[in-house]
Every structure is written in structure tokens, then in C-alpha cells.
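**Q** For reference, the structure I am asking about is given below.
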RNA sequence: GCCUUGGUAGCUCAGUCGGUAGAGCAGCAGACUGAAAAUCUGCGUGUCGGUGGUUCAAUUCCGCCCCAAGGCA
């Protein structure tokens, strides 16, 4: 298996710098695993490393149009291609980002090929939900895919909807492809997770949001909206964007919106921690040195053959 | 100084016709297979401002005190 290093962690924990340092030390290239950095024109609010500060090649950034949606399946396919190319050039891919699902999608054999997504099917079930409610929707799933129904709470309408869609398009229950995927990684991966004390992280988040405001996040959002990105677009679900759009479009008080962005970011960081606690294999505090760790790991690899 | 209205969970408040209390938000924990910065699940003891009194029993009724907001001086 080819080597790959993952640098994950909650927002504002210092992933980008750590990843870049690892790349510089080990002939690596950054592969972003971030559900919103893929969009062009969303720079300030996604905290993309500015081009002039990129000291090594960065991939999977600015690969999508914010007027159209992007999703895990597309990300998975494109990222794997990029990684194959990096390996082909004898360099080390460093997967860095905060979207746990995206990381899993490249690392493990998640299969999205069986059932794609169909707006018509989706709309029909959404209609069904509207008319009969979540309980009936859940029952409909139980009738065709009992395992998924048992796994999903009735309230998680989004997943119930998706499971129904998968069944209809593939003719098979979604649960079929769902077990123990983490046991069979596609790469020889060092999965590092950067952690920080909660209070410290919150302080960094607040500072980062203020910094985004100074750097013109409002202007960036105005430009997106003016450029044909609908407020309902998938890209506009991003934290920071959706709250501030309330100020731009509905005139909500700015300080309240900024506070909402900080709060939403803190809550997001918490969810990320939950994900990475389970997904990661090694956890680094600010005192640990990711470069030294990565070096040692690479050395151990070649030593072992 | 007087009058009024408040003081209950980290915050905003509800409630107890006297039997020691509960929502939302926050927080904590968790889940996560084509929206994932999305979506969802679980978790509620706090001198009910202080202090006396009435009572079998007071956060609830009464007195006094403290604090806040508003009004009159």
C-alpha cells in the first residue's frame, strides 16, 4: 500500500500550518478534505491558505462552482485521482481537512457507485414526507430496508430520505454496503488528529471569525450572491455564509450575526471532535511535533520494507 | 425617600391556588455511506435573592433586608 498522511482536527486548530510543514519536510503535497474549500470564490470564510502562502502544491481546492452543488461521491473520485497522480510522481499525499466524511471516503472503500442521486426520486419522497410526515416516511423505509430503518432515528429525515432513494435506484437495501468499512483502508495511512483544550480552541475560533470579518467576508458573500449563487445553494449552507446572508438579505443586526457565526463554529468544532476521536489513530496536542512524528513514521515504513 | 414590577438552571423565562420545580438556548456525550460547515439522538439538583414569621410542611403566604428596572419626589 502506498503511504498517505492525514492531518485532521477541528476548525482553527492549526491543521493547515502543520500539514504544510509536513509537506515541506517529506516531499508532500496538500490534498484538501474540506467540503467547502472546493468552491471557487469562497476563500475568506473557508479559511483557505492564500495562494501566496502556499509553499507546496494544494489540491482539491477551487474545483467546484458554488452555483452548483458538490458532494462526497464527486470528491472521492477526484481526490483519489489526485492522490494516484501524486504517488505516481513519487511524492507524498497529505490529506488535510475537517470534513471527516470526505477523509473516510478517500481512505476507505466506501462505495457510491451502486446508487447515484436522482432529483426526481428525491423530490417524490420529499413530497411523501410533506404529506404524511416523518413517521410514515420511516415506515416506508422499514418496509423495504429494515436494517437501515432500525439504524436510523425517525427524526433523521435526511438519512431516511437518502436510504429510500438508494433502495429505489439500486433495488438493494443501503445497509448492504455498510459494514466495518474502516477495517480495510486503501492506503497505508498515518491518521493524525490535532487537538486543543476546549477553552483555547474557542478563543481561536472567536479570533478567526473576527479576522474573517476584517478580511472582507461580507464582501465575499455579496459577490457570491451577486454572481448568481442562490441563498438556498448548497454552498451557502456553510457556517459564516448562511448567518451573514441574513444580515445582507434580511437586514439582521450584524453583531448578532457575527455572534451566531462564532457559536455555530464552536458547535461544529465539537461535532468534529466527536468524529475524529473515533476516526483518528494518533492525537497530537500543540506541544507535539507533527513533522517529527511523520518523519518517524515514514522512516519506520521504509525500514519495514 | 416613597410607589410599582421583578430577583427560579451558565442565559432568557415558565411554574408551584403551600407538599422542595421545567422549557428554549448554551453546555456535555454520541451517531454519521452521494446536502456532512449538513442532518440527527441522548443527558435537566438548581442554597427557586437573604433573613425572620405563620404552618405538620414555604421557592410558593406574611414581615423586614439586599439587588435591578421603571415611576413619583
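Numbering (the numbering used here), first residue to last: 1 to 305.
The beta-carbon is built from N, C-alpha and C at its ideal position, and this holds for glycine as well.
Keep in mind it's a predicted model, so treat the numbers as computed, not measured.
#1: With H, G and I counted as helix, E and B as strand and the rest as coil, what does DSSP make of residue 189?
#2: Classify residue 283 as helix, strand or coil using the three-state DSSP reduction.
#3: Is residue 29 helix, strand or coil when you go by DSSP?
#4: Do you know offhand how far residue 308's Cα is from residue 67's?
#5: Evaluate residue 76 with the Cβ neighbour count: other Cβ atoms within 10 Å of its Cβ, from every protein chain shown; 16 or more gives buried, anything less gives exposed.
#6: Who are residue 5's beta bridge partners in DSSP?
#7: Could you tell me which whole beta strand (DSSP E) segments of length 3 or greater appear in the region 186-252?
#8: Unbroken alpha helix (DSSP H) runs of length 4 or more, entirely within the region 16-92: which are they?
#9: For the alpha helix (DSSP H) that residue 104 lies in, which residues bound it at each end?
#10: Can the beta-carbon of residue 290 be found less than 8 Å from the beta-carbon of residue 21?
#11: Kindly indicate which three-state DSSP category residue 152 falls into: helix, strand or coil?
#12: On the DSSP letters alone, give me the boundaries of the alpha helix (DSSP H) that residue 162 sits inside.
#13: Would residue 93 and residue 86 be called neighbours here (beta carbons separated by less than 8 Å)?
#14: Following the continuous alpha helix (DSSP H) through residue 124, name the residue where it begins and the one where it ends.
#15: If distances are taken between C-alpha atoms only, which option among 91, 173, 9, 38 comes closest to residue 72?
#16: Measuring straight from C-alpha to C-alpha, what distance separates residue 282 and residue 127?
#17: Cutting at 7 Å between CB atoms, please list the residues of its own chain near residue 78, excluding the five before and the five after it.
#18: If I measure Cβ to Cβ from residue 305 and keep anything under 8 Å in the same chain, skipping five residues before and after, which residues do I get?
#19: Use the C-beta contact count for residue 95: other C-beta atoms within 10 angstroms, 16 or more gives buried, fewer gives exposed.
**A** With the given structure in hand:
#1: In the structure shown, residue 189 sits in a strand (DSSP, three-state: E or B).
#2: In this structure, DSSP gives residue 283 an extended state, which the three-state scheme calls strand.
#3: Residue 29 sits in a strand when the DSSP states are folded into three classes.
#4: Residue 308 cannot be examined here, being either before or after the span of the chain that is shown, 1 to 305.
#5: buried
#6: 94, 190
#7: 188-194
#8: 72-88
#9: DSSP places residue 104 in the uninterrupted alpha helix (DSSP H) bounded by 100-107.
#10: A contact, by the Cβ cut-off of 8 Å.
#11: In the structure shown, residue 152 sits in coil (DSSP, three-state: anything other than H, G, I, E or B).
#12: 157-170
#13: With a cutoff of 8 Å on beta-carbon distance, residue 93 and residue 86 are scored as near each other.
#14: First-last of the alpha helix (DSSP H) with residue 124: 119-144.
#15: 38
#16: 45 Å
#17: Beyond the five residues adjoining it in sequence on each side, residue 78 comes within less than 7 Å, by CB distance, of 60, 63 in the same chain, given in chain order.
#18: In this prediction, residue 305 scores a pLDDT of 47, lower than 50, which makes its location untrustworthy; the coordinate-derived value is nonetheless stated afterwards. So the list is empty, once near-sequence residues are dropped.
#19: buried
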